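Enquirer: Residue numbering for the sequence shown follows full-length UniProt numbering, beginning at 1 and increasing consecutively.
Idealized CB from N, CA, C, for every residue including glycine.
In this text, all values refer to a predicted model and were calculated from it rather than measured experimentally.
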Amino acid sequence: MVTALQKVTSMNQDISVSAPHEPCKVRDQHTDCHKVIMPVRDALDVISGKWKLPIIIAIGRGHKRFRDIERSIPKITSKVLSKELKDLETHKLVKRTVFDTQPVSVEYTLTPYASTLDSVILALQQWGTQHRRKMLGKSTEVG
1 MVTALQKVTS MNQDISVSAP HEPCKVRDQH TDCHKVIMPV RDALDVISGK WKLPIIIAIG
61 RGHKRFRDIE RSIPKITSKV LSKELKDLET HKLVKRTVFD TQPVSVEYTL TPYASTLDSV
121 ILALQQWGTQ HRRKMLGKST EVG
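Encoded structure:
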């Protein structure tokens, strides 16, 4: 079974800094490592934290109004939800739509770009389930 890290590492081997016949230099190894770390860091800057993924999941499951999202995520405060929604909107993952009604209503929806996170969220869910089992001593996996 090839892990995601092995896939990323093998992808980086395709982008070689040195000629194939030359031995790797320490500087080249750092460059290759940097090519792996930077995109991961960029992704984590967008989705890391306690609340961003739960908000994305809540909106994806149909909770569109602020209070609905807030109620669907235990222990999140209005202030934090507001800040996180603004961040997700800045990163083009969430769209905020204001309706000209009395009173004014606002709905949040996931953008098509947010669907690019589907496989990431699924992988995190699967890994989290395996990790929890392992930590509880219920894992059947070797390692």
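1) Can you list, in chain order, the stretches of the beta strand (DSSP E) that have 3 or more residues and sit fully within the UniProt domain "HTH hxlR-type" (38-136)?
2) Which value, in whole angstroms, describes the spacing of the CA atoms of V106 and E70?
3) To the nearest angstrom, how far is it from the Cα of Y113 to the Cα of L53?
4) Applying the criterion that 16 or more other CB atoms from any shown protein chain within 10 Å of the CB defines a buried residue, is I37 buried or exposed?
5) Express the C-alpha separation of I57 and L81 in angstroms, rounding to a whole number.
6) Looking only at C-alpha atoms, which of F66, L88, D87, E89 sits nearest to S78?
7) Between V120 and A43, is the Cβ-Cβ spacing less than 9 angstroms?
8) Determine whether the beta carbon atoms of L93 and T111 lie at a separation below 9 angstroms.
9) Thinking K95 and T109 are a contact (beta carbons under 8 angstroms), I'd like their distance in whole angstroms, please.
Expert: Inspection of the coordinates gives the following:
1) Runs of beta strand (DSSP E) with 3 or more residues, each lying fully within the UniProt domain "HTH hxlR-type" (38-136), are found at 94-99, 105-110, listed in chain order.
2) The residue you call residue 106 lines up with position 106 of the sequence shown. The residue you call residue 70 lines up with position 70 of the sequence shown. Using only the alpha carbons, I get a separation of about 14 angstroms.
3) Here residue 113 is taken as the residue at index 113 of the sequence shown, counted from 1. Here residue 53 is taken as the residue at index 53 of the sequence shown, counted from 1. If you take the alpha carbons of Y113 and L53, they lie about 14 angstroms apart.
4) Along the sequence shown, one-based indexing puts residue 37 at 37. Exposed: under 16 other Cβ atoms inside 10 Å.
5) Counting from 1 along the sequence shown, the entry for residue 81 is found at position 81. Counting from 1 along the sequence shown, the entry for residue 57 is found at position 57. A direct Cα-to-Cα measurement between L81 and I57 gives close to 13 angstroms.
6) In the sequence shown, residue 78 corresponds to position 78, counting from 1. When each option's Cα is compared against that of S78, the closest is F66.
7) Position 120 of the sequence shown holds residue 120. Position 43 of the sequence shown holds residue 43. Yes, these two residues count as a Cβ contact at 9 angstroms.
8) Here residue 93 refers to the residue found at position 93 of the sequence shown. Here residue 111 refers to the residue found at position 111 of the sequence shown. In contact: L93 and T111 (Cβ atoms closer than 9 angstroms).
9) As a working note, residue 95 is residue 95 in the sequence shown. As a working note, residue 109 is residue 109 in the sequence shown. Rounded to the nearest angstrom, the Cβ distance from K95 to T109 is 5 angstroms, consistent with a contact under 8 angstroms.
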